[in-house]
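Residue numbers (the working numbering), protein chains in the order written: chain C, 62 to 384; chain P, 62 to 384.
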């Protein structure tokens, strides 16, 4: 059985999986050694013949697979959590597994930080600081405040654990209204409107699917109270950024801590850069290059064992759901 | 026995203790009811006769007691944690108890937030945002990083608990090198120089005493690595702010999250307002007006019971140590 590794030549070397490294991992595993042959490529001009001859694919870059001939391909392991671009081009019969969970630890810390920043009014104080204004406010503790956590997958579940431990009341939101994560309660995604007026912090870890696209349109954003802060670390297209910006400018939201944007890099002339209350990080806050490849590889090795045993794969994307 | 309540007319009403409220608390307590008479004042012109006739004083404002005649006064309960201004004017034989611990919960949350902000490079990204620069960095988790926690009193101990739970390696610093708080280890304040080069986050909750004044002079600030962030929530005079500012401007520190300043309110022309990497809150981040009076009153009632039983008081300031 042949595994092809496709690396992203334009990406950082820390995220390249070398054939040697994978071979080492396979050799170290009693159930995997001597079962696989390997190739590795990072030159897009050479990709086609590799894809034509592999059974399994590890990919560090996005590929529109339907543009290639992939007669033997059965399973693709990708290094991202979001997969909407893969799904749009996935040949029938090919299984897709993603890197969900690998971002969990760092993502959860980022979300906790952002929630606390709202509690301490940091977005507002940054504006005061820019205007050299001394305007103290004496609010309460974060403990007891309400976080609405959209999406309780790898990142969301890790965030729920930290937020709950910190005393936040966490309401999880999932498609089914069920989750195993450490939340006070869990509701269905189509029942959020009733809860929005109670929210202190809205956190989105949602993937982009037909159901989530523009979920937070102007109408839903208007249901949030003026004290609410928004944290977006999932896909940007879940939110109407223009409407969010208007609400921030009007003082109808307390702030937004954002890691993702409708267009990336965010164009230099975008009005978001200096919108009041916006704290921006450039789509990097969940990624830990020192640990990311290792985390993805751990998922892949575990999945190779499952694949050989015929067990269900971890992180298998449900093509219908879209994540 | 007579208790006088001195309120601060210029302060918020939420921090005024009314005679009725204290009376209610006394009446509700079997060991305290019918043992005390009460007066209340917030007019500085009327303070002297009240002080001349009380045995115990609750004070919501700073008083230079040596300027008054206080023949019967035995004990003062103050609403602040820092007491250097009280000590400079304390008559011999008068016991001073402070509000140490009342700031703990909110202070600990603030410190955790600030530590996380450094981990995610927020001070640097705020500068990039102001210049509309997209420059991602892909660092690791906060877990495992080193926090040097100067002062392990009420706020410090609460912060140690949260930081340790979050996976930080917390090194406590006390006068004695001992503490009961949740730290990886504790060192003496005169042994910090060796540790400074390892620090990711330096947090000061220190009171102002002869030993702490200008403890962080230029020499000690220069021992911190360029990756280090500084969080100051104790007394400002522990730090050489001018030297800290120079190091921030030179990129020799990652940032500073500050709640206290050499002069407050910070003058509008102070260079600190727009120093790179500085995130400022106007001396309010540890104060929770909705819970603060209640917290102080809880200390006072507990102390009244101890006083009547002849037990050692809680939060008694050691005049020699200065806190």
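Heads up, the beta-carbon is just placed ideally off N, CA and C, and yes, glycines get one too.
What residue from the options has the CA that sits closest to residue i's CA?
| i | options | result |
| --- | --- | --- |
| residue 109 of chain C | C:88, C:89, C:134 | C:134 |
| residue 192 of chain P | C:333, C:349, C:171 | C:333 |
| residue 206 of chain C | C:232, C:189, C:194, C:169 | C:232 |
| residue 380 of chain P | P:143, P:67, P:119 | P:143 |
| residue 219 of chain C | C:201, C:81, C:162, C:262 | C:162 |
| residue 169 of chain C | C:216, C:301, C:158, C:80 | C:216 |
| residue 159 of chain C | C:338, C:146, C:132 | C:146 |
| residue 201 of chain C | P:198, P:165, P:201, P:182 | P:165 |
| residue 76 of chain P | P:119, P:111, P:99 | P:119 |
| residue 66 of chain P | P:73, P:116, P:214 | P:116 |
| residue 257 of chain C | C:290, C:353, C:320 | C:290 |
| residue 245 of chain C | C:148, C:82, C:229 | C:229 |
| residue 187 of chain P | C:341, C:260, C:345 | C:341 |
| residue 390 of chain C | C:330, C:259, C:345, C:107 | Not covered by the structure: residue 390 of chain C. The range shown for chain C is 62 to 384. |
| residue 101 of chain C | C:68, C:277, C:175 | C:68 |
| residue 357 of chain C | C:208, C:138, C:151 | C:138 |
| residue 252 of chain C | C:209, C:90, C:243 | C:209 |
Tell me which residues share the same chain as residue i and place their Cβ nearer than 6 Å to its Cβ, disregarding the 5 neighbours each side in the sequence.
| i | result |
| --- | --- |
| residue 211 of chain P | 234, 265, 267 |
| residue 298 of chain P | 269, 274 |
| residue 203 of chain C | 177, 180 |
| residue 223 of chain C | 169, 173 |
| residue 325 of chain C | 344 |
| residue 112 of chain P | 129, 131 |
| residue 313 of chain P | 287 |
May I ask you to report which of helix, strand or coil DSSP gives residue i?
| i | result |
| --- | --- |
| residue 67 of chain P | strand |
| residue 256 of chain C | coil |
| residue 281 of chain P | helix |
| residue 134 of chain C | coil |
| residue 351 of chain C | helix |
| residue 249 of chain C | strand |
| residue 238 of chain C | coil |
| residue 299 of chain C | helix |
| residue 360 of chain C | helix |
| residue 377 of chain P | strand |
| residue 264 of chain P | strand |
| residue 269 of chain C | coil |
| residue 288 of chain P | coil |
| residue 120 of chain P | strand |
| residue 369 of chain P | helix |
| residue 306 of chain C | helix |
Can you pull the chain P residues whose beta carbon is under 8 Å from the beta carbon of residue i, in chain order?
| i | result |
| --- | --- |
| residue 204 of chain C | 166, 170 |
| residue 337 of chain C | The premise fails here: residue 337 of chain C is roughly 12 Å from chain P at the closest Cβ pair, so nothing lies under 8 Å. |
| residue 314 of chain C | Ordered by position in chain P, no residue passes the 8 Å Cβ test against residue 314 of chain C, which lies about 18 Å from the chain. |
| residue 309 of chain C | Going along chain P, no residue has its Cβ under 8 Å from residue 309 of chain C, so there is no contact; the nearest lies around 14 Å. |
Identify, in the order they occur along the chain, each residue of the same chain with its Cβ nearer than 8 Å to the Cβ of residue i, setting aside the five sequence neighbours on each side.
| i | result |
| --- | --- |
| residue 369 of chain P | 92, 93, 96 |
| residue 249 of chain P | 234, 235, 236, 237, 238 |
| residue 375 of chain P | 158, 360, 363, 364, 367 |
| residue 377 of chain C | 156, 157, 158 |
| residue 182 of chain C | 198, 200, 315 |
| residue 247 of chain P | 213, 232, 233, 234, 235, 238, 239, 240 |
| residue 350 of chain C | 73, 75, 76 |
| residue 301 of chain C | 275, 277, 278, 279, 282 |
| residue 126 of chain C | 112, 134, 137, 147, 150, 151, 152, 155 |
| residue 84 of chain C | 99 |
Beta-carbon within less than 7 Å of residue i's beta-carbon, same chain only, minus the 5 sequence neighbours each way: which residues are those?
| i | result |
| --- | --- |
| residue 306 of chain C | 332, 333, 336 |
| residue 189 of chain P | 196 |
| residue 310 of chain C | 336, 337 |
Give the residues of chain C in contact with residue i, contact being defined as C-beta atoms less than 8 Å apart.
| i | result |
| --- | --- |
| residue 180 of chain P | 170, 174 |
| residue 326 of chain P | 195 |
| residue 226 of chain P | 226 |
Which residues of chain P have a Cβ atom closer than 7 Å to the Cβ of residue i, listed in chain order?
| i | result |
| --- | --- |
| residue 348 of chain C | 199 |
| residue 334 of chain C | 190, 193 |
| residue 351 of chain C | 201 |
By the criterion of Cβ-Cβ separation under 7 Å, what are the contact partners of residue i in chain C?
| i | result |
| --- | --- |
| residue 345 of chain P | 197, 198, 199 |
Cβ of residue i versus every heavy atom of the ligand GDP: is any distance shorter than 6 Å?
| i | result |
| --- | --- |
| residue 342 of chain P | Among the components of this structure there are no ligands whatsoever, and the ligand GDP is therefore not found. |
Indicate whether at least one CB of chain A lies closer than 7 Å to the CB of residue i.
| i | result |
| --- | --- |
| residue 190 of chain C | Absence of chain A from the displayed structure is noted, the protein chains being C and P. |
Give the residues of chain C in contact with residue i, contact being defined as C-beta atoms less than 9 Å apart.
| i | result |
| --- | --- |
| residue 340 of chain P | 183, 186, 187, 190 |
| residue 358 of chain P | Near residue 358 of chain P there are no residues of chain C at all, since even the closest Cβ is about 17 Å away, more than 9 Å. |
| residue 329 of chain P | 193, 194, 195 |
Uninterrupted beta strand (DSSP E) stretches inside the region 308 to 345 of chain P (no shorter than 3 residues): 316 to 319, 339 to 341
Counting only runs of 4+ residues fully inside the region 141 to 223 of chain C, write out the alpha helix (DSSP H) ranges in chain order. 145 to 148, 165 to 180, 183 to 191
To test your reading of the DSSP string, which unbroken beta strand (DSSP E) runs of 3 or more residues are found completely within the region 69 to 101 of chain P? Look at the region 69 to 101 of chain P and you find no whole run of beta strand (DSSP E) that is 3 residues long or longer.
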